[in-house]
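These notes concern the structure reproduced below.
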């Protein structure tokens with residue numbers, strides 16, 4: 001009688017193959033281009049009368065990165081802070097807090113609440129599991145009513161998160177616009193009080209509507225676009241597998257060796273990341289005028305009630321009217337060049353990490369051989 005096969009401990013190069021995909025997952029969120037170009041985009045959006053060199057795309061964008069504002073501000077101590085320097089300034093604390101509350105905390109809360117909603121709306125455990133897997137793969141049209149409720153719950157959660165994160169968003173915009181102004185030297189709690197709902201400046205309420213509307217629309221449209229793209233890609237994979245005769249049921253392993261399965265998972269993760277960039281770029285492009293209005297309203301914060309921008313707006317509608325009357329339709333697309341470069345940089349970063357991960361896997365395969 002043959003002895004049963006003994007499972008070997010994976011201690012050699014073959015045991016490190018899984019590290020490639022982990023490397024991809026760890027390095028992908030870093031996105032070194034995003035912070036710098038986002039600062040440039042915010043500056044272009046908020047400076048409606050000071051930055052005219054953005055028409056010389058992309059030269060004007062890179063000039064803004066290194067030089068700061070195209071004209072000095074009124075106070076000499078505040079003149080020409082560079083976008084590159086602002087990334088590493090003490091005021092970047094507000095950017096970190098904003099991103100944590102707006103994105104990380106929002107994702108955790110939305111995931112938990114939406115899961116509870118699906119558990120309540122589905123018939124039993126099996127129906128919940130099937131619906132959850134279908135939604136993850138983008139097949140939302142099989143349960144359109146349920147997905148509409150799911151999307152409404154998710155948008156409601158993020159709208160509440162936007163209300164909480166709005167003071168950090170205001171301070172982040174002020175930091176990116178003016179650097180470490182005297183306002184930001186009073187301490188964290190004093191700054192949060194300045195941008196809070198109970199402050200006398202009225203800055204919180206005047207820009208809250210634009211933040212909630214833009215943020216909620218972004219979450220809703222991005223979710224729809226990403227699930228649509230993932231469903232289309234899943235359909236493409238299914239047709240490709242059917243043509244090659246390599247169909248498999250859910251839960252079965254991919255055919256081929258361990259390295260082949262690892263490469264298939266890496267390719268799928270890369271495509272999903274690329275689809276996220278495409279969906280986010282499309283939604284941001286569609287909502288760019290609304291995002292510009294939001295930045296104009298948040299950039300009203302300054303020193304001694306002195307606005308960063310030349311015009312002080314009372315709210316969303318007044319800001320839209322002012323931009324249209326003074327700048328026309330082109331005013332809503334200030335900073336669009338930096339916006340394009342931001343997502344181009346994201347796509348380039350995905351390609352770089354994919355190439356490094358593929359080279360890491362190939363190196364381990366060669367060592368095994």
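In the UniProt record's numbering, the protein residues as written are 1 to 369.
Backbone N, C-alpha and C define an ideal beta-carbon position, used for all residues, glycine too.
For clarity, every value in this text was computed on a predicted model and none was experimentally measured.
Any heavy atom of the ligand PLP closer than 7 Å to the Cβ of residue i?
i	result
residue 276	What this structure holds is no ligand at all, so the ligand PLP is not there to describe.
Would you kindly check if the distance between the Cβ of residue j and the Cβ of residue i is under 8 Å?
i	j	result
residue 229	residue 279	yes
residue 137	residue 239	no
residue 110	residue 168	no
residue 292	residue 334	yes
residue 220	residue 275	no
residue 287	residue 217	yes
residue 146	residue 126	no
Around the Cβ of residue i, are there at least 16 other Cβ atoms within 10 angstroms (buried) or fewer (exposed)?
i	result
residue 135	buried
residue 118	buried
residue 357	buried
residue 96	exposed
residue 115	exposed
residue 317	exposed
Among the residues of its own chain, which have a CB less than 7 Å from the CB of residue i, if the five just before and after it don't count?
i	result
residue 113	153 and 157
residue 282	225
residue 190	none
residue 94	168, 171, 172 and 175
Please report how far the alpha carbon of residue i lies from the alpha carbon of residue j, in whole angstroms.
i	j	result
residue 206	residue 237	48 Å
residue 352	residue 269	14 Å
residue 338	residue 211	20 Å
residue 299	residue 143	42 Å
residue 132	residue 102	24 Å
residue 107	residue 100	10 Å
residue 53	residue 289	Interpretation of residue 53 is limited by its pLDDT of 43, a score under 50 that renders its predicted location unreliable; the figure taken from the coordinates is listed afterwards. Roughly 19 Å between the two C-alpha positions.
residue 354	residue 328	42 Å
residue 370	residue 345	The question about residue 370 has no answer, for the chain in this structure spans 1 to 369.
residue 242	residue 170	52 Å
residue 341	residue 188	32 Å
residue 195	residue 266	43 Å
residue 204	residue 149	30 Å
residue 163	residue 215	10 Å
residue 222	residue 155	11 Å
residue 272	residue 336	25 Å
residue 98	residue 105	10 Å
residue 202	residue 343	34 Å
residue 141	residue 193	45 Å
residue 315	residue 123	45 Å
residue 332	residue 213	16 Å
residue 350	residue 199	42 Å
residue 227	residue 324	34 Å
Once you ignore the five residues that flank residue i on each side, which residues in its own chain have a CB closer than 8 Å to its CB?
i	result
residue 295	42, 45, 46 and 173
residue 319	210, 293, 296, 297 and 313
What residues in its chain sit with their C-beta under 6 Å from that of residue i, if we drop five residues either side in the sequence?
i	result
residue 347	277
residue 231	138 and 139
residue 208	166
residue 129	none
residue 455	The question about residue 455 has no answer here: the residues shown for the chain are numbered 1 through 369.
residue 3	Caution is warranted here: a pLDDT of 49 is assigned to residue 3, below 50, making its placement in the model unreliable, and the coordinate value is therefore given only provisionally. The answer is none, since no qualifying residue turns up.
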